[in-house]
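Before any comments, here is the structure.
Numbering (the working numbering), first residue to last: -13 to 123.
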């Protein structure tokens, strides 16, 4: 990672039937931990396109860009031990769960009840909380 400039990433909060889609990370940091699907944006790619691509690459879930709703931007310089990564987080609510499989950087992909979430890597719990409960008034 660059020490001079922040790197842009995307994270995806996908909810269906009160369950959250998480991936189990294949690599450090947080190898073996559950996390939101997501990853680095590529040059020339919109944030929405990156979210759709990463979601498919890690879970086989194929969603439309217009189903994404912006949650917010997460830019704490200490949010990722690899360096200053700025995440653009999106959510998508599906009418029903679809079958998913862990691929690429994910060794597993699974739906988890919102009421019984495991420990989640990075600041992803904060992102999920904001998506589910909305911003404080």
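Note that the Cβ used here is the ideal one computed from N, Cα and C, for glycine as well.
Which term fits residue i, buried or exposed, when burial requires 16 or more other beta carbons within 10 angstroms of its beta carbon?
{"i": "residue 32", "result": "exposed"}
{"i": "residue 25", "result": "buried"}
{"i": "residue 44", "result": "buried"}
{"i": "residue 71", "result": "buried"}
{"i": "residue 120", "result": "exposed"}
{"i": "residue 40", "result": "buried"}
{"i": "residue 22", "result": "buried"}
{"i": "residue 61", "result": "exposed"}
{"i": "residue 29", "result": "exposed"}
{"i": "residue -10", "result": "exposed"}
{"i": "residue 59", "result": "exposed"}
Going by DSSP, name the residue or residues bridged to residue i.
{"i": "residue 8", "result": "96"}
{"i": "residue 60", "result": "73"}
{"i": "residue 120", "result": "According to DSSP, residue 120 bridges with nothing at all."}
{"i": "residue 55", "result": "77"}
{"i": "residue 25", "result": "-4"}
So for residue i, helix, strand or coil by DSSP?
{"i": "residue 77", "result": "strand"}
{"i": "residue 45", "result": "helix"}
{"i": "residue 38", "result": "helix"}
{"i": "residue 107", "result": "coil"}
{"i": "residue 50", "result": "coil"}
Measure the Cβ-Cβ separation of residue i and residue j and say whether it is below 8 Å.
{"i": "residue 78", "j": "residue -2", "result": "yes"}
- request: Evaluate contact between the region 104 to 111 and the region 33 to 52, counting only Cβ atoms and requiring at least three cross-stretch pairs below 8 Å.
  value: no
message: Pairs of beta-carbons, one from the region 1 to 14 and one from the region 79 to 88, closer than 8 Å: are there three or more?
response: yes
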